[in-house]
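Participant: Structure incoming, see below.
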Amino acid sequence: MHAWLPDAHSEAPSPVITLLPAELLNCALLVLIRYYIIICQAVGEDFPGELLLIFGLLSVAVAAFFILVQQDMKRLLAYSSVENMGLVAVAPCIGGPLGILAALLHTLNHSLEKALMFCDSGNVLMKYGTRNPDVVCDMLKIMPLTATLLAGGVLAPGGMPPFNIFSASL
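The numbering used here applies: residue 1 is where the sequence shown begins, and numbers increase by one.
Written out as C-alpha cells, the structure is:
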C-alpha cells in the first residue's frame, strides 16, 4: 500500500522526512479506517475485512523481506514504516472496534518513534557521511546521545515493554 515510501524517504532531506511518518501516513490510514467503517456498515464486515487483511499481510511480508536486504538506513526505515502500516491495516480486521483503537494508538506511537529515528539517521549522515549502517562504528563513543536515542528507536518498533508500541501491539 505504501510502495512510494522508500523512494521518497531516500531522496528527501532528514528534517523533511520527519514529517512523512507523522503526517502523510496518518492521513492515509485515517482515510483507510474511515472507509473501512463505512463499507462495513454498507456491505458487512466479511469482504472489506478480508481485503484489508490480505493487503495488510502482503505489506508486512514484502516490507520484512526488503528490511533484511537493505543497505541504506533511510530506505530501511521506510520499509519499517511500510511494515508498521501493514500491521495497522490488519488490526481492525482481527480486533473489530478494539482493533481500530489499537491501530490508532500504534499509528501515534509509530509517528513519534519514526520521527526520532529519522532525526538520528540525519545526525549519523552528517557525522559519518554515509547512510550504510554497516559502515558506522564506535557511535557510542563518538555520538553518545544519538547512539542512545537510536538504540531506543530500534527497540521501540519491536514492541519492547518500556515503549508505547508494546501496549498497542497487545
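We treat Cβ as the ideally placed atom computed from N, Cα and C, and that holds for glycine.
For residue 50 and residue 135, what's the separation of their Cα atoms in angstroms?
Facilitator: Sequence index remark: in the sequence shown, residue 50 carries index 50 (1-based). Sequence index remark: in the sequence shown, residue 135 carries index 135 (1-based). Straight-line Cα distance between these residues: approximately 42 Å.
Participant: Span of the alpha helix (DSSP H) holding residue 15?
Facilitator: Residue mapping note: residue 15 aligns to position 15 of the sequence shown, counting from 1. 14-17 is the span of the alpha helix (DSSP H), which, as asked, contains residue 15.
Participant: Just mark residue 88 as buried or exposed, buried being the case when its beta carbon has 16 or more other beta carbons within 10 Å.
Facilitator: As a working note, residue 88 is residue 88 in the sequence shown. Label assigned to residue 88: buried.
Participant: Would you kindly report the start and end of the unbroken alpha helix (DSSP H) that includes residue 75?
Facilitator: The residue labelled residue 75 in the question sits at position 75 within the sequence shown. Start and end: 73-128.
Participant: Relative to the C-alpha of residue 98, which residue among 83, 79, 3 and 37 is closest?
Facilitator: By 1-based counting over the sequence shown, the position of residue 98 is 98. When each option's Cα is compared against that of residue 98, the closest is 37.
Participant: Using the Cα positions of residue 12 and residue 138, report the straight-line distance between them to the nearest angstrom.
Facilitator: Against the sequence shown, residue 12 aligns to sequence position 12. Against the sequence shown, residue 138 aligns to sequence position 138. Each residue's Cα considered, the two are about 27 Å apart.
Participant: In whole angstroms, what is the alpha-carbon distance linking residue 102 and residue 110?
Facilitator: One-based indexing of the sequence shown puts residue 102 at position 102. One-based indexing of the sequence shown puts residue 110 at position 110. Going by the C-alpha atoms only, they are around 12 Å apart.
Participant: Using beta-carbon positions only, say whether residue 5 and residue 121 come within less than 8 Å of one another.
Facilitator: Indexing the sequence shown from 1 puts residue 5 at position 5. Indexing the sequence shown from 1 puts residue 121 at position 121. It is not a contact, given that the beta carbons lie outside the stated cut-off.
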